[in-house]
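Asks:
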Amino acid sequence: MSPPDVGPDRARRPESDEPRPLWLPAFQPLPAPGGLNARLAARDELPEVSLRLVLEAGAAAESSATAGLAELTGRVLTEGAGSRDAVAMARWLDRLGAGFEVSVSYDVAVLSMHLLSDVLDEALEFLSAVSRDARFDEEEFERLRSERLDEISRELDEPAIVADHALISAIYADGLYGRPIRGTDASIRGLDNGMVRDFHSRRYTPDGALLLVCGDVRAETLTESLGRHFGGWTGSCEREPAPSVPAAPATGASMILIDRPGSPQAELRVGTVGVPHGTEDHYAIIVANAILGGLFNSRINMNLREDKGWTYGARSYFRFRRGAGPFVTKTAVETAATAPALEETLAEIARMREEPPGEDELLLAKHALTLSLPLQFETPAQVTSHVSRQLIYDLPADYWEGYRDRIEAITPDEVREVCRRYLTEDRLVLLAVTDADAVEAEVERFGEVERRDSPGGPETAENPRQS
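Numbering (the numbering used here), first residue to last: -2 to 464.
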C-alpha cells in the first residue's frame, strides 16, 4: 500500500520561477495634424485597440481659486459635442461598444478608449468630438457642478477622505498638492461655464498633446483617420512647470487630531514631502516602500494586521509626480488602538532607517516588483498606460526594459539610506480622525497636538455619522 499523498509543504515558501522576458512593442511616430504627437504600436493578436490622448490639462494649469476646474472640465466633455446632446453622445458610445474614460491628475488630463478594431475610425471621430467640439451646455454644466458639490458634502462624513485631505493640506499648505484635485466647496461654487469653456480652449490643443495607439491597426489606416477627424485642430499650450514644494511639511504641529465625537474607529495617517519622478533614488525608494508598506507582507501590514490584529490593512506609498508628491502611510483601527498603532508605525519607519533589510526580505520585495512585470503589458490598454506614464514624466527611453535590472541592483544599504534621507522623524506629520477626547492625552507623546473640529460637524441624533 502506497503512502498517502501529503501534498506540498505549506510551511515553506515555494521557489520563484525564472522571470519571464518583458516584451514591449515599439511605438512609431505618425504624421498627424496640428502638431499632435501621435504614435502607434501595432499588435494584431486580437482585434482590439487602445487609444490614449494625453493633454497638458491637469490641475497644475488651475489657480488656487479655481481648484477643481480641470476635473470638472473633464466631466463635461461627454455631455454634448457638435450637434449631439448628452443623450445622443451616450447612445453613440453605446453603439460603438467602446469604453471611454477621462482621468485628470495634477499633471495631465487623459482621455482613453478601448474598442474593437473594426470601429476605430468612428471611435477616433468620437474622441475628436469630445476633445475639440464639446458644447458645454449651461444646463449640463450646472447639473455636473451640483453633483460635485453634493459629493463634497458627502465626503465630509467620510473619515478616510477627511484624513487624506487634511494630511496633504498639512504637508503642502496652500500649494498645488495641498488642495484636493477635484476642488473644494468654495472653489467649485466659484466656477462658471465660461471658465470651463476657456480652460478647454486653452488646454485642449494638439500642439503639446500626445496620442498613443496600440492594437490591431495599420499605420496607413490610422494616419488617414487622424487627418479626417483631427484635421483643422489648432492651438498649443506649454507644459506647466513642476510646482515648488516645501522641503519639509508646512505644518508646525507633529500631531493633528480631528475630532469625530463618539467615533469607534480612527483613520490614521503618517506623511511627509516625498520626491518627484526622475529622482536619482527612484528605484531604491520603490524597493524601500515595498518592504515598509507597499505589499501585503510589508512590515507595517504584518505588524498592525497579522501580529496585533488592529486593522484589516495598513499600507504606505510614495506619489511620484512632476513635483515632489507625498509619502503616506494609512490605516484604520479601533479608537482605543490609535496611539499604539501610530507608535508601531513610527517604530517600523525607524527600523527602516536604522537597519538594512535582510536578504530574504529584500529578495521577496524585488520579486514582487519584477516577476509580475510582463503581466502588466499583456493588453493594449496596459501598454498605452505604462508608456504614457514614461513619456509624461520624461523617464528614460528604456525605463520599462531596464526596470527589472535596476530594481534587482538595489542593495540593502541603499534601502536604508533613502529612508534616512526622506523619512526622518522630524519630517513626519501624524494625523488621526477619531474621538479626540478619548485619545488626546495618549497622542501627546508624539509632540505638539493641533486639535480640530471635524469638517462635517459634530455627531448628533439628528446628524448621525455613517461608518
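Yeah, the Cβ is synthetic: ideal placement off N, Cα and C, and Gly gets one too.
Does residue 227 come out as helix, strand or coil in the three-state DSSP assignment?
Replies: In this structure, residue 227 counts as helix in the three-state DSSP scheme.
Asks: Does the pairing of the region 98 to 108 with the region 174 to 182 give three or more beta-carbon distances under 8 Å?
Replies: The region 98 to 108 vs the region 174 to 182: in contact.
Asks: Can you round the beta-carbon distance between residue 370 and residue 400 to whole angstroms, since I take them to be within the 8 Å contact cut?
Replies: About 6 Å; that satisfies the 8 Å criterion.
Asks: In angstroms, rounded to a whole number, what distance separates the CA positions of residue 66 and residue 188?
Replies: Roughly 7 Å separates the two Cα atoms.
Asks: Ignore the nearest five residues each way along the sequence and tell me which others in residue 271's own chain have a CB closer than 6 Å to its CB.
Replies: Excluding sequence neighbours, residue 271 sits near 315, 321, 322, 323 and 324.
Asks: Does the beta-carbon of residue 286 have 16 or more other beta-carbons within 10 angstroms, so that it is buried, or is it exposed?
Replies: With 16 or more Cβ atoms within 10 Å of its Cβ, residue 286 is classed as buried.
Asks: Just to confirm my understanding: we take residue 118, look at its own chain, exclude 5 residues before and 5 after, and list those with CB closer than 6 Å. What are they?
Replies: Excluding positions up to five away in sequence, the list reads 222.
Asks: Could you compute how far the alpha carbon of residue 281 sits from the alpha carbon of residue 105?
Replies: So the alpha carbons of these two residues sit roughly 26 Å apart.
Asks: For the region 184 to 261, list the alpha helix (DSSP H) runs that are entirely contained and at least 4 residues long, ordered along the chain.
Replies: Segments of the alpha helix (DSSP H) lying fully in the region 184 to 261: 190 to 200 and 216 to 227.
Asks: With the cut-off set at 8 Å, would you say residue 269 and residue 417 are in Cβ contact?
Replies: For residue 269 and residue 417, no; Cβs fall outside 8 Å.
Asks: Roughly how many whole angstroms lie between the Cα atoms of residue 335 and residue 267?
Replies: The alpha-carbon atoms of residue 335 and residue 267 are separated by roughly 12 Å.
Asks: Between the Cα of residue 327 and the Cα atoms of 192, 343 and 319, which residue gives the shortest distance?
Replies: The residue with the shortest Cα to Cα distance from residue 327 is 343.
Asks: Give the list of continuous beta strand (DSSP E) stretches no shorter than 3 residues that lie fully inside the region 10 to 43.
Replies: Segments of the beta strand (DSSP E) lying fully in the region 10 to 43: 25 to 27 and 34 to 39.
Asks: Please name the residue in 108, 247 and 107 whose C-alpha comes closest to that of residue 170.
Replies: Closest by alpha carbon: 247.
Asks: Just verifying my parser: in three-state terms, what is the DSSP assignment at residue 385?
Replies: Residue 385 falls in the helix class under three-state DSSP.
Asks: Three-state secondary structure (DSSP) at residue 448?
Replies: If DSSP states are grouped into helix, strand and coil, residue 448 belongs with the strands.
Asks: Just verifying my parser: in three-state terms, what is the DSSP assignment at residue 337?
Replies: Residue state, collapsed to three classes: helix.
Asks: Residue 57 and residue 173 - do their beta-carbons sit closer together than 8 Å?
Replies: Cβ atoms of residue 173 and residue 57: closer than 8 Å.
Asks: For residue 84, collect the residues of the same chain with a Cβ closer than 6 Å to its Cβ; drop the 5 residues on either side in sequence, then sort them by chain order.
Replies: So no residue of the chain qualifies.
Asks: If we call anything under 8 Å between Cβ atoms a contact, is residue 209 one with residue 24?
Replies: Closer than 8 Å, so yes.
Asks: On a CA-only basis, which of 294, 290, 113 and 226 is nearest residue 213? Give me that one, please.
Replies: Checking every option, the nearest Cα to that of residue 213 belongs to 113.
Asks: Within 10 angstroms of its Cβ, does residue 301 collect 16 or more other Cβ (buried), or is it exposed?
Replies: Buried: at least 16 other Cβ atoms inside 10 Å.
Asks: Residue 350 to residue 415, Cα distance in whole Å?
Replies: Their Cα atoms are separated by approximately 8 Å.
Asks: What are the start and end residues of the alpha helix (DSSP H) that includes residue 305?
Replies: Here residue 305 belongs to no alpha helix (DSSP H), and DSSP marks it neither H nor E.
Asks: Taking only runs of the alpha helix (DSSP H) that begin and end inside the region 319 to 372, which ones reach a length of at least 4 residues, in chain order?
Replies: Listed in chain order, the complete alpha helix (DSSP H) runs (minimum 4 residues) inside the region 319 to 372 are 335 to 351 and 356 to 367.
Asks: Quick one: grab the DSSP three-state call for residue 139.
Replies: Residue 139: helix per DSSP, three-state reduction.
Asks: In terms of residue numbering, what span does the beta strand (DSSP E) encompassing residue 71 cover?
Replies: Looking at the DSSP string, residue 71 is not in any beta strand (DSSP E); the run it does join, the alpha helix (DSSP H), is 66 to 73.
Asks: Have a look at residue 265 and residue 451 and give me their C-alpha separation to the nearest angstrom.
Replies: Cα-Cα distance, rounded: 14 Å.
Asks: Please classify residue 309: is it buried, with 16 or more other beta-carbons within 10 angstroms of its beta-carbon, or exposed?
Replies: Classification for residue 309: exposed.
Asks: Check whether the region 231 to 242 touches the region 40 to 56, taking contact to mean three or more Cβ pairs, one atom from each stretch, closer than 8 Å.
Replies: Verdict: yes, contact present.
Asks: If you follow the alpha helix (DSSP H) that residue 128 is part of, which residue opens it and which one closes it?
Replies: It spans 117 to 129 - the alpha helix (DSSP H) in which residue 128 sits, taken as one unbroken run.
Asks: Which whole-angstrom value describes the C-beta separation of residue 94 and residue 110, a residue pair presumed to lie in contact below a C-beta threshold of 8 Å?
Replies: Wrong, their Cβ atoms sit about 11 Å apart, outside the cutoff.
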